[in-house]
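Below is one structure, written out as structure tokens, with a few remarks after it.
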Amino acid sequence: MNTNDKTPKNSCEAVKIEDADLSEADLFLQSYPLLRDKSKDELDTLNKAVLRKLDWKFLLIITLMLLMNYLDRINVSNARLAGMQRDLHMSDVEWSAGISLFYVGYIISQIPANVIMAKQKPRIWMPCIMLAWSAVTISMPAATRPWHFMLCRFLVGFTEGPFLPVVALMTSSWYTKQESPLRMAIWHAGNIVSNVFSGLLAAGILTNMDNIAGLHAWQWFLLLEGIVSIIIAVPAFWLLPNFPNNTGTYYFTAEEQQMAQYRQSVSSGSVSEDEDGDYLGGLLQAIRDPFTWLFSGIHFFLIIAQSFKDFFPSIMDTLGFGTVETYLVQAPPYVIAYVVTLVVSWSSGRMLEHGYHIIGAISTTLVGAVIMISTLNTGARYFSMILLCCGPFVGLNLQLSWETTVVPRPRTKRAALIAIANCVSSVSHWFTPYFFLRNQEPSTSLAFAMPSILSFGVTVALSATGLLAHPLSNAQIVSRAEDLLPEYDYVVVGAGASGLTVANRLSEDKKVSVLIIEAGQFDQDEAYMTIPGLAGGAVGTTYDWNTTYAPNSNLGGRVVSIPQGRVVGGSTKLNRMVFNRGSQSDYDGWENLGNEGWNYDTFLPYFKKNENFTGPTPEIQAEYDIAVNPEYHGHEGYMQTTYSPFFWPTTKNIVKAAEELNIPINDQATGSAFGGYFCPHNQDPETKTRSSAEEAYYASAESRQNFHVITGHMVSRIVTESCNGTIKVTGVEFAQSADADLQHTKVRREAIIAAGTLHTPQLLQVSGIGDATLHASINVSTVVDLPAVGHNLHDHLSVAVVYALNTSILTSTLTTNETSAAQARQQYDNDRTGPLTSPTGDFLFFLPVQVYSNATQSILSQALEAGPYASLPSDTPAEVVRGYEAQFASLNKKLEANDSAFLEVIWADGVMVLGLQHPYSRGSLKANSSSIFDAPVADVGFLRNEVDVALMREAVHFARRLAVTPAIASLNPFEAVPGANVTASDDIDAFIRSSASTIYHPAGTCKMGPKEEGGVVDEQLKVYGVENLRIVDASTMPMLPASHTMTTVYAVAEKAADVIKGHEKGPPHLSQYFFPSASSPPMSVFSGTSVPEKSTTRPRTHVRPPRVSVPGVGSSKLG
């Protein structure tokens, strides 16, 4: 068993995998159906086939293209020797200005071009780019004036600018992190080899073709070079791929295509890429990342160190050789540098280490510079030129590889980082030409002493800074436990709404380390994950736990499915995006149950802290006159919320029906969440995509050094020890599957369970925290006897009354009419408009019993007659019974009041989903065995208490009253379910029992409250009996609010983070003094708490790894 005791490698480096054995990463094979059943040998064979095809097609053509790219860049240096500067009547300053102007155009084009190219098809654009610069080169021999030369150089730079960054981006997208340094060395050798060929070509052309056809030799030199570039560009249209996710079978077979994607998933530790994402978002992510500027600095000074290359022929000329000899002796230093680059890059890839390799390489430059400036001996100076060539060329190649290793995601961010670093380095070309003026020959002391020595010092310092970032790097996503740190301050179990929120907030303190362990993986930005109109489509996929409640005798023995998110982002990835709050009385009720400080007034700041609210569009506002009180909304939180920009036409009817029934229309955010109201959604107002916990709380923390995530692993046990009678968490055990080896990481401060209502109590129970009787039955030693664990399970029960409407514009057309669905998708893809911008549920009813029923008193009498025990399982512990007695009294009070809703009505074009908001019935959850990988038994207890049946019966009556209002009657509704003939109470009750389901809001299994009243956690969310264990998810809710639970879960987690930070202090990690995080938010001088960075559009700014089906820890609730 791995105990994870060793300190991992420099965290700026990639997670290492065995590049010869892809079967080590079987975890990811579930995502690739064509690979799942292949043997290790078959996978290795397929891997070699992909690599071979990449090397012989992509690598070959890209190396040739880059060779011509660099030849085109330096050809004027040899043309200068052949008289180009003289023939154009240019001074040294004018010539140097022309050299500099190349880099002006080069810088202008490459950042936007590279970021855009990350989402385009490089197999088309890259040959076109080459044809463009070739055309300019061919036109250059026609230059007769200095300004002609300067203009051409600017245009060559402008057209060449995008090329190198795109090549680096594509290489990092196709090759693993073990393979890419050597491949980059091969194509980057164009930077070296071009200098070899340039000299040889110059020797052949410039000395033999002068005055042929009336052209000077330098004109022929440029003309022929441009023609050859065009010849190479043409086959590139067929030899280049796009990116792994959008390269078709024209290049790979279907199996090879999946293998190419699989290789990247393994190499990057489950962080694969796709073309989705936002151009501006990726650029902003790169700009905010401190590593961008660290690598830009390294790149800048390495370019300065090799700035001599543009004047290398002139420098060689100072050694006293003849013209032909000068051309020829340029080659050996570059040949040697090429060989050294290949060897060092191979070593870097095998070791997955870059920093020390760069420091070693640049040190040779210092030696060469010292020799150059200390002697005029020809042999010594020639040797120094060999050293000068080796250092910066080797270092620059490794720097490119290093930066793509540190930032594997998203592709747009990586593209921006590469381009920014290249742009920053290109600035050096504006002034380095002035180091090499002819009046300094032959000593060239300024030319070599200042740039080379300065570059050595700064490059070493910056590389060392990168190495000192150990052990905490940017949000590191790893797939193997041995690559984690041996100890974390906080370990969070589950990466759902609550887990990501609390981890994000804790990691704002750069002095602490935070690890999230998540069972699922990152999604792949599938349409049903991002498009609001397809929300809910992930239910039943590998992103769902696909769990069920136990068979329920009250439902005729039926089993009810309960979707729960098994993905980074949890159920905020699966739900229907309803972003609403409960009423003030719901949250005040928590405090009344013995939880001091948990009331509406203390919740409101956290509701607002989570939210970045945008009001309705002008068109929607003009049509519906939605009342919004900005005072109750947040505007600087991470979670994007807004109203749908598209309301289905029958929304007007249901709003009108509310008016006809005298139901008030309120703003749900004000604490008066009853009546009817327009409901906002967790939706980005600009991109019109889902805003989940991943987009909100992961993306905003991913650049932090102290924020680590491991996916595809399930926490199997909370490890504790007893010291002087105090139980303390010392670590957690986790594994990929029931058969996999257990892994372990230590907990320095606290463990925080955020695994959700159905998995959190199970984890406690298999860890020996729970009912001792249950522990004995599953062969688990009791650590803390806490019988309430798993009890108080309740959920929002639902039934649906369905009417067929006489209208052709219905939400159902998106699933039943292929033409309508295709048109809606095209509209959404084209300009983010139309029905797919709406997840439905734009107008909801949340109604007190007295509003939707005239049977309040009879139902209350029924409840009092049955008493609290009718709601509970027979084996309910005494303390839980005492706690429920208080809940029972609270429910009865709510029943009579007008300030708390019992019924939700979701209208979807004739479908009325009726949700019971305050069920009386309770159930329980129990571990089925000592293994976390065996699903627990979750008895939700639906309809255990007949009062719930009566409440739902009245809800059906209300739905029918709603259907006969003039507004709905105008749609000619026909009752399809349960049918107009189902009128007797017994028949309606039978319909309810036969069709009742859930709105997917389980809660309460680790209730917050006094221990003697069935509480599992106290008001600080600490588990009773364990010193440093907290629970932060929906399981702690004493009673469900009358709302969907997502918003409340976020608020609980935001409040919990402040509670933890206010009570937990400890010494900082020493490493933080060396490389402090640049992404921690500022402190508020008023509150003393962290103020979140203002969120802007929060579109897709990062990319997710592929789906896997690995047992693991779940996430917060769906709702």
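Our numbering numbers the first residue of the sequence shown as 502 and each following residue consecutively.
In this text, a Cβ means the ideal position worked out from N, Cα and C, and glycines have one as well.
A quick note: this is a predicted structure, and the numbers were derived from the prediction, not measured.
Exposed or buried, R1454, counting other C-beta atoms within 10 Å across all chains shown (16 or more means buried)?
Residue burial is scored here from C-beta neighbours: R1454 has at least 16 other C-beta atoms within 10 angstroms and is therefore classed as buried.
Assuming contact is defined by CB atoms lying nearer than 9 angstroms, are V1060 and A1497 in contact in what I supplied?
Not a contact, by the Cβ cut-off of 9 angstroms.
Contact belief for E1027 with G995 at Cβ below 8 angstroms, rounded distance in angstroms
In this structure E1027 does not touch G995 by the C-beta definition: roughly 22 angstroms separates them, more than the 8 angstroms allowed.
Extract the residue ranges of the beta strand (DSSP E) inside the segment 1118-1182, only unbroken runs of 3 or more that lie entirely within it.
You should have 1140-1142 and 1176-1179.
By how many angstroms is the C-alpha of Q679 removed from the C-alpha of L853?
Straight-line Cα distance between these residues: approximately 6 angstroms.
Please report the distance separating the alpha-carbon of P1340 from that of R1333.
Separation of P1340 and R1333 (C-alpha to C-alpha, rounded to the nearest whole angstrom) is 13 angstroms.
Helix, strand or coil for K1508, going by three-state DSSP, please let me know.
DSSP places K1508 in the coil class of the three-state scheme, outside both helix and strand.
Please go through the same chain and pick out, in chain order, the residues whose beta-carbon is closer than 6 angstroms to the beta-carbon of F1208, but skip the five residues on each side of it.
If we look at F1208 and ignore the five residues flanking it on each side, its Cβ neighbours are A976, S1008, V1015 and A1202.
Using a 10 Å radius around the Cβ and a threshold of 16 neighbouring Cβ atoms, would you call V1230 buried or exposed?
V1230 is buried by the Cβ-count criterion.
Secondary structure at L963, three-state DSSP: helix, strand or coil?
Reduced to three states, the DSSP call for L963 is helix.
Name the DSSP beta bridge partners of V1300, please?
BP columns for V1300 point to L1415.
Going straight from the alpha carbon of D1053 to that of I1219, what length do you get?
This sequence places Asn at residue 1053; Asp is not what is there. When rounded, the distance between both Cα atoms is 31 angstroms.
Based on the DSSP output, what are the partners of S1498 in its beta bridges?
Beta-bridge pairing links S1498 to S1299.
Near F664, which residues of its chain fall below 6 angstroms by C-beta distance, leaving aside the five closest residues on each side in sequence?
So the list reads N570 and I630, once near-sequence residues are dropped.
Pick from W1149, T842, V961 and A1051 that is closest to L1259, judged by C-alpha positions:
For L1259, the nearest C-alpha among the options comes from A1051.
In this structure, how does DSSP classify A636 when only helix, strand and coil are distinguished?
Helix.
According to DSSP, residues forming a beta bridge with E988
Residue pairing from DSSP places E988 in a beta bridge opposite K1247.
My guess is that V1079 and H1182 are in contact by the Cβ rule of under 8 angstroms, so how many angstroms apart are they, rounded?
The Cβ separation is near 7 angstroms, so the contact holds.
For A1194, does the three-state DSSP call read helix, strand or coil?
In this structure, A1194 counts as helix in the three-state DSSP scheme.
Quick one: grab the DSSP three-state call for V1611.
Legend: pLDDT at V1611 = 28, less than 50; position of this residue unreliable, no value from coordinates given.
In terms of residue numbering, what span does the beta strand (DSSP E) encompassing A1477 cover?
Residues F1475 to V1478.
Could you check how far apart the C-beta atoms of R1067 and W1046 are, in whole angstroms? I think they sit under 8 angstroms.
Contact holds; Cβ gap of about 5 angstroms.
Determine the contact status of V1156 and A1460, defining contact as a CB-CB distance below 9 angstroms.
No, these two residues do not count as a Cβ contact at 9 angstroms.
Reducing DSSP to helix, strand and coil, say where Y533 ends up.
For Y533, the three-state secondary structure derived from DSSP is coil.
With N1331 as the anchor, note down where its alpha helix (DSSP H) starts and where it stops.
Unbroken alpha helix (DSSP H) run through N1331: E1319 to D1332.
Looking at the secondary structure, which residues open and close the alpha helix (DSSP H) in which R587 lies?
Residues M585 to D588.
Give the DSSP-derived three-state secondary structure of T876 in the structure shown.
In this structure, T876 counts as coil in the three-state DSSP scheme.
Could you spell out the range, first to last residue, of the beta strand (DSSP E) harbouring F1114?
Its beta strand (DSSP E) spans residues E1112 to F1114.
Residues near S846 by beta carbon distance below 8 angstroms, same chain, minus five either side
Around S846: P682, L683, M685, A686, V895, N898, L899 and S902.
Nearest to Q1521 (by Cα), restricted to the options I1500, V1553 and Y1501
Ranking I1500, V1553 and Y1501 by Cα distance to Q1521 puts V1553 first.
Over the uninterrupted alpha helix (DSSP H) stretch that includes R1283, give me the two end residues.
Strictly speaking, residue 1283 in this sequence is Thr, with Arg absent from that position. It is not in any alpha helix (DSSP H) - T1283 carries neither H nor E in the DSSP assignment.
How far does the alpha helix (DSSP H) with G1384 in it reach, from first residue to last?
First-last of the alpha helix (DSSP H) with G1384: A1379 to E1397.
Beta-carbon gap between N1124 and F1148 smaller than 9 angstroms
Residue 1124 is actually Glu in this sequence, not Asn. Cβ distance < 9 angstroms, so E1124 and F1148 count as in contact.
Ignore the nearest five residues each way along the sequence and tell me which others in H1570's own chain have a CB closer than 6 angstroms to its CB.
Confidence is the limiting factor: at H1570 the pLDDT is only 32, short of 50, which leaves the residue's position unreliable, though a coordinate-based value still follows. Exclusion of the five residues before and after H1570 leaves no residue of its chain whose Cβ lies closer than 6 angstroms to its Cβ.
Whole beta strand (DSSP E) runs in the segment 1343-1377 with 3 or more residues, listed along the chain?
Uninterrupted beta strand (DSSP E) stretches at least 3 residues long and entirely within the segment 1343-1377 occur at 1344-1348, given in chain order.
If we ignore side chains and look at the alpha-carbon of each, how far apart do S1223 and G1021 end up?
The C-alpha of G1021 is placed about 32 angstroms away from the C-alpha of S1223.
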